[in-house]
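Everything on this sheet refers to the single structure shown next.
2 protein chains.
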Amino acid sequence: MKLYGYFRSSAAFRVRIAFNLKGVESETALVNLQTGDQFSDAFRAVNPQGRVPALTLDDGTVLVQSMAIMEYLDETIPDPPLLPKGAVARARVRGLANVIACDIHPLNNLAVLNYLTGEMKVGEESKLRWYRHWVAEGLSAMEALVAGSAETGRFCHGDAPGLADICLVPQVFNAQRFDCDLGGCPTLMRVFDACMALDAFDAAQPGRQPEAASVG
Amino acid sequence: MKLYGYFRSSAAFRVRIAFNLKGVESETALVNLQTGDQFSDAFRAVNPQGRVPALTLDDGTVLVQSMAIMEYLDETIPDPPLLPKGAVARARVRGLANVIACDIHPLNNLAVLNYLTGEMKVGEESKLRWYRHWVAEGLSAMEALVAGSAETGRFCHGDAPGLADICLVPQVFNAQRFDCDLGGCPTLMRVFDACMALDAFDAAQPGRQPEAASVG
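Heads up: the protein sequence lines correspond to chains A and B, in order.
So for the first sequence, this note's numbering puts the first residue at 3; every next one is plus one.
So for the second sequence, this note's numbering puts the first residue at 3; every next one is plus one.
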């Protein structure tokens, strides 16, 4: 397997954590989003969407979209599981994960921020307000969902890390990079700290990727 | 089960299709997004995120996020399946579904369009360009993914409708409402037509919901 990613991509960061939790190594390929590698013919041939992550399997099949890739990993490498047992519990974890994957991250990724400042000529201050608005909206809702639930444990669901935590950590990293106020999310930040105490999360963080020093 | 939705919500539309395909009826509750029902204390008590769809189970448990709700339906009512057999095939379908659920729809939903015109004071023309940009980007990538694959059949994956088709149809409805040019997506439009020939899709469309006449 070969994972196409970039140190600062939140979606690639998710998949790095998932691989680490599974204890599986994959070859990695750098797609430098700052210099436009994602738009190259070579990468478009891998993923026509021009986005990371993408995962090529040993037979050449390409999987796209971080959430789909992680579900694949969970189906093919079941231990340790990224989703709990039981359909209701699984729906809870997928729901929490998707508050980030569908309602926060898509609004704040590099392509969107570039469109705002490029095509739309939005100023830096207005772009930052946009960024912080969607983080605040999404994470405060997620905080309400976890703070009010007996299912929440050391992690978003119980005492083992899973798909919701995997989405949370890169989102928090990103939010901190844009100086978002996370004071209203004490439960999420407690979970974030519990995650970062684990090697699987720590080793996946942007600053620990080989390209961080050279292209950062 | 009770499904909180709104006729024009693409995410609620997805779940309506899924229920129809499963042949299961659910009680429905209208959350009028145009008049702000989603921000009411009553609805926030159901879903702190203030978004539809939300599904309450008979024991009172609330499930949020359309993709999580549909995975729940598929796990608890396996026939007919929304996902194919085999981890690679499932990853393909989830990947296609998420091109829409994570990269198109989040940028074009009502909350985002309202932020652009309200907070950001973006003009109508600029808002439409934004809308059409993300539709064009996302659907052209999805077209490349389906047009180039032997797995594509009458529907996005093989000859039975599934999760990718369920996401595609509401997105096309939405795109047509905003006069997007879909001429570059012949495969997707062929699949769209095949879907709309099925009662499960047709009956779920916005115009066939009871509230369409009164609040449209």
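All C-beta atoms in this analysis are idealised placements derived from N, C-alpha and C, irrespective of residue type, glycine included.
Small disclaimer: the values here were computed from a predicted structure and weren't measured.
Asked: Distance between A149 of chain A and D60 of chain B (C-alpha atoms, nearest Å); Found: 23 Å
Asked: Under 9 Å (Cβ pairs) to chain A, residues found in the stretch 94 to 110 of chain B; Found: R94, V95, R96, G97, L98, A99, N100, V101, A103, C104, D105, I106, H107, P108 and L109
Asked: Contact check, L5 of chain A vs P50 of chain A, beta carbons under 7 Å; Found: no
Asked: Option in B:Y133, B:F194 and B:L141 with minimal Cα separation from A162 of chain B; Found: B:F194
Asked: Min CB distance Y74 of chain A to chain B below 7 Å; Found: yes
Asked: Three or more C-beta pairs below 8 Å linking the stretch 34 to 54 of chain A and the stretch 143 to 158 of chain B; Found: yes
Asked: Rounded separation between P86 of chain B and D167 of chain B - CA only; Found: 13 Å
Asked: Interfacial residues, the stretch 17 to 49 of chain B to chain A, with Cβ spacing under 9 Å; Found: R46 and N49
Asked: Rounded distance between the beta-carbons of D76 of chain A and L65 of chain A, thought under 8 Å; Found: About 13 Å separates the two Cβ atoms, so there is no contact after all.
Asked: Where K24 of chain B falls, given that 16 or more other Cβ within 10 Å makes a residue buried; Found: buried
Asked: Same chain only: Cβ atoms within 6 Å of F21 of chain A, ignoring 5 sequence neighbours per side; Found: S28
Asked: L200 of chain A - DSSP class collapsed to helix/strand/coil; Found: coil
Asked: Selection from B:S11, B:R18 and B:E121 that minimises the alpha carbon distance to D201 of chain B; Found: B:R18
Asked: DSSP three-state assignment for A56 of chain A, whether helix, strand or coil; Found: strand
Asked: C-beta contact flag for A99 of chain B and C197 of chain B at 7 Å; Found: no
Asked: Under the three-state DSSP convention, the category E153 of chain B falls into; Found: coil
Asked: Whole-angstrom distance between R210 of chain A and A206 of chain B, CA atom to CA atom; Found: 47 Å
Asked: Interface positions of the stretch 132 to 164 of chain B facing chain A (Cβ-Cβ less than 9 Å), listed along the chain; Found: W132, H135, W136, E139, G140, S142, A143, M144, E145, A146, L147 and G150
Asked: DSSP-derived helix/strand/coil call for G186 of chain A; Found: coil
Asked: Where F41 of chain A falls, given that 16 or more other Cβ within 10 Å makes a residue buried; Found: exposed
Asked: Buried or exposed by the 16-neighbour rule on C-beta atoms within 10 Å, applied to P212 of chain A; Found: exposed
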